[in-house]
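S.K.: In numbering that gives the first Met the number 0, the protein residues as written are 0 to 279.
Before I ask anything, here is the structure I am working with.
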Amino acid sequence: MNPSSPIKEVSSPTELRLAALFWLAESDPARKAAGVRLLAKAWLSGEIGLDTDAALTARQTVPGYPAKPELVAPRLVKRRSMITPEGRAILIHALAHIEFNAINLALDATWRFADMPREYYADWLHVADEEALHFSLLTGHLQTQGHAYGDFPAHSSLWEMAAKTQHDILARIALVPRTMEARGLDATPQVRAKLAQAGDMAAAAILDIILRDEIGHVAIGNRWYNWLCEQRGLEPVATYARLAAEYQAPVLRGPFNLPARRAAGFSELELAALADNSGH
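Pasting the structure below:
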């Protein structure tokens with residue numbers, strides 16, 4: 000992967016949802032991350048329009064994936080020992096892979112669903128922009144360790160829930176940002192502590208940035224989930240339980256980062272239901 004892959008040669012669409020689809024289809028990770036960051040700047044400067052009504056169709060395979068890393072079943076991904084430099088590199092690589100997929104998830108939420116308020120699209124572009132930053136920080140750190148994104152196998156399950164929920168925005172928002180991504184709020188402090196204990200303070204500092212931003216991303220998910228429930232006349236807690244069962248969402252296990260989840264907008268009723276379902 001070349002972190003300085005040229006972006007100026009590419010002319011992406013000047014409408015936000017089409018541009019999000021364009022960068023979602025991009026298979027080169029560095030180009031995708033850089034393109035998303037430029038798109039976010041163009042949006043903020045008023046250079047990009049928005050058509051909320053258009054019924055868009057992907058004419059190419061999405062998301063675009065590079066030839067490497069090799070995607071394997073989660074059980075086949077190497078265990079990550081903090082004792083060796085390679086073990087720490089494998090962990091950083093796994094985190095980078097999560098962030099690469101998070102870029103794709105935010106872009107998909109931006110282009111796929113029509114007839115939402117303008118703020119919805121702005122929110123998910125903002126998420127994509129920050130995920131692109133996280134990916135760039137992690138891959139940059141990986142390079143200081145003599146490795147690049149793609150050097151190790153990565154698991155193939157991160158996109159599965161997005162594929163399952165592509166036809167229902169309520170299910171997507173309920174089960175991707177509020178479930179799959181919210182797991183990071185619980186896991187990140189533990190991973191950060193292990194990296195710091197191993198002496199990798201640069202990686203620990205990156206995870207501090209990621210946790211701070213991910214609280215905001217999950218909060219965006221909660222905002223739009225509750226908005227959609229209100230629009231449809233649905234009770235949020237019961238609706239989440241129904242969707243989790245219907246789409247076979249993973250049962251989340253504690254311990255939970257309750258301060259982070261509260262900061263991200265989960266209600267006490269939701270946190271109680273989470274604890275009940277996990278057996279805690």
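The beta-carbon is built from N, C-alpha and C at its ideal position, and this holds for glycine as well.
In this text the structure is predicted, and so the values were computed from the model without any measurement.
Within this structure, are the beta carbons of F134 and E98 separated by less than 7 Å?
M.R.: Yes. Within cutoff.
S.K.: At which residues does the alpha helix (DSSP H) containing E25 begin and terminate?
M.R.: That residue, E25, is in no alpha helix (DSSP H); it is neither H nor E in DSSP.
S.K.: If you run the structure through DSSP and keep just helix, strand and coil, what is H154?
M.R.: strand
S.K.: Just to check my reading of the structure: A24 and Q59 have Cβ atoms closer than 8 Å, yes? What is that Cβ distance to the nearest angstrom?
M.R.: 5 Å
S.K.: Rounded to the nearest angstrom, what separates F255 and L184 at their Cα positions?
M.R.: 8 Å
S.K.: First and last residue of the alpha helix (DSSP H) that includes N221?
M.R.: 200-231
S.K.: Tell me whether the segment 192-211 and the segment 264-276 touch, counting them as touching only if at least three CB pairs, one residue from each stretch, are closer than 8 Å.
M.R.: no
S.K.: By a C-beta neighbour count over all protein chains shown, 10 Å radius and 16 as the cutoff for buried, is H125 buried or exposed?
M.R.: Per the 10 Å Cβ criterion, buried.
S.K.: Within 10 angstroms of its Cβ, does L20 collect 16 or more other Cβ (buried), or is it exposed?
M.R.: Per the 10 Å Cβ criterion, buried.
S.K.: Do Y119 and R177 count as a contact pair if the criterion is CB distance below 7 Å?
M.R.: no
S.K.: Nearest to A243 by CA position, among V175, D50, N221, P188, is which residue?
M.R.: V175
S.K.: To the nearest angstrom, how far is the alpha carbon of H96 from that of T13?
M.R.: Looking at the backbone, the Cα of H96 and that of T13 are separated by about 28 Å.
S.K.: Spatial neighbours of A105 within its chain, please: CB distance less than 7 Å, with the 5 preceding and 5 following residues excluded, ordered by chain position.
M.R.: W123, V126, A127, E130
S.K.: What is the DSSP secondary structure of P2, reduced to helix, strand or coil?
M.R.: Since pLDDT at P2 reaches only 42, below the 50 mark, its modelled position is unreliable, and the value read off the structure follows with that caveat. Correct three-state label for P2: coil.
S.K.: Use the C-beta contact count for L72: other C-beta atoms within 10 angstroms, 16 or more gives buried, fewer gives exposed.
M.R.: A small fix is needed here, since residue 72 is Ala in this sequence, not Leu. Looking at its Cβ environment, which holds fewer than 16 other Cβ atoms inside 10 Å, A72 is exposed.
S.K.: Alpha carbon to alpha carbon, how far is A101 from S156? Give it in angstroms, no decimals.
M.R.: Across the structure, S156 and A101 are spaced so that their CA atoms are roughly 12 Å apart.
S.K.: What is the C-beta distance between A153 and L75, in whole angstroms, given that I count them as a contact (C-beta under 8 Å)?
M.R.: Not really, about 10 Å apart at Cβ, beyond 8 Å.
S.K.: Contact check, K77 vs I89 under 8 Å by CB: the rounded distance?
M.R.: 5 Å
S.K.: Jot down the residue ranges of each uninterrupted alpha helix (DSSP H) in the segment 72-145, minimum 4 residues, whole runs only, in chain order.
M.R.: 84-111, 117-143
S.K.: Is any heavy atom of the ligand SAM found at a distance shorter than 6 Å from the C-beta of S155?
M.R.: The ligand SAM is not among the ligands present in this structure, which contains no ligands whatsoever.
S.K.: Please look up how many angstroms separate the CB atoms of G149 and K67, rounded, as I've assumed it's under 8 Å.
M.R.: 3 Å
S.K.: Taking the alpha-carbon positions, what's the G215 to T83 distance?
M.R.: Between G215 and T83, the C-alpha separation is close to 33 Å.
S.K.: Starting from L240 and walking both ways along the alpha helix (DSSP H), at which residues does that stretch end?
M.R.: A small fix is needed here, since residue 240 is Ala in this sequence, not Leu. Start and end: 235-245.
S.K.: Less than 8 Å between C-beta atoms, sequence neighbours within five positions excluded: which residues of the same chain meet that for V190?
M.R.: L90, L94, L206
S.K.: Run through the DSSP bridge pairs and tell me what E14 is partnered with.
M.R.: G48
S.K.: What residues match up with L70 in a beta bridge as DSSP calls it?
M.R.: A153
S.K.: Report the CB separation of R16 from W158 in whole angstroms; it is logged as a contact under 8 Å.
M.R.: Actually they are not in contact, since the Cβ atoms of R16 and W158 sit about 19 Å apart, beyond 8 Å.
S.K.: When DSSP labels each residue in this structure, what does K7 get in the three-state scheme?
M.R.: Any answer about K7 is weak, because its pLDDT of 49 lies below 50 and its placement is not dependable; what the coordinates show is given next. Coil, per DSSP.
S.K.: What would DSSP say about P65, mapped onto helix, strand or coil?
M.R.: coil
S.K.: Got a sec? Which residues, its chain only, sit under 6 Å from V61 by beta carbon, not counting five neighbours each side?
M.R.: For V61, where only same-chain residues beyond five positions count, the Cβ hits under 6 Å are L23, A24.
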